[in-house]
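To keep things clear, I will list the structure first and then write my remarks on it.
Residue numbers (the UniProt record's numbering): 1 to 197.
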């Protein structure tokens, strides 16, 4: 019985982790004091957080393509010479461990109380904590006021990765960036946040 309870808990956490793989967790925030109505153009930081040792990575190029599409759909104009907003990216991939505590004894500590003081429970009831290991990916997209050099919006996606290489492909990045930008509440030249989904 206890073995089935334990397996049930492990399975439920595993399913929760798998659910994250199909639907990333996305949060965003913005500076309420920023003048979003004045932002009409955008570009990219000269050195992006996803660049390596002075060169642009494939992930950088894919993120630039995906974010440029999203910004233009919101009415912003790409202007690398004199942008109002600058985009930057950060990507982190890390191994995580989830602690699964042993389940409570549904019968309580005094079940079969007549045993107390005579002998212990059956060793088959051994219940220790379990650990589930998985790979977590985090993508940050920042929008920076180019004149003030200050971040005015950030979108963060966190997901469990089944395959880190697949996660760096355009097939994965494009819809992920689109999901993040659904949390961006402004259109170019408008300082009034749209209703977020």
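Ideal Cβ placement from N, Cα and C applies to all residues, glycine included. The structure presented is a predicted model; accordingly, all values stated were derived computationally and were not measured.
Asked: Is the beta carbon of residue 188 less than 9 Å from the beta carbon of residue 76?; Found: yes
Asked: Out of 186, 96, 132 and 159, which one is the CA nearest neighbour of residue 140?; Found: 159
Asked: Does DSSP put residue 188 in a helix, in a strand, or in coil?; Found: coil
Asked: So for residue 57, helix, strand or coil by DSSP?; Found: coil
Asked: Rounded to whole angstroms, what's the CA-CA distance from residue 183 to residue 131? Just pull it up for me.; Found: 33 Å
Asked: Within 10 angstroms of the Cβ of residue 61, are there 16 or more other Cβ atoms? Answer buried if so, exposed if not.; Found: exposed
Asked: If we count the other Cβ atoms within 10 Å of its Cβ and call it buried at 16 or more, is residue 191 buried or exposed?; Found: exposed
Asked: For residue 194, which of helix, strand or coil comes out of DSSP?; Found: coil
Asked: Alpha carbon to alpha carbon, how far is residue 27 from residue 97? Give it in angstroms, no decimals.; Found: 22 Å
Asked: Is it the case that the Cβ atoms of residue 142 and residue 69 are separated by a distance below 9 Å?; Found: no
Asked: Under 8 Å by Cβ, that's how I've got residue 93 and residue 137 pegged, so tell me the actual separation to the nearest angstrom.; Found: 5 Å
Asked: Among 83, 67, 168 and 161, which has the Cα closest to the Cα of residue 177?; Found: 67
Asked: For residue 48, does the three-state DSSP call read helix, strand or coil?; Found: coil
Asked: DSSP three-state label for residue 146, please.; Found: coil
Asked: Just to confirm, is the Cβ distance from residue 36 to residue 86 under 9 Å?; Found: no
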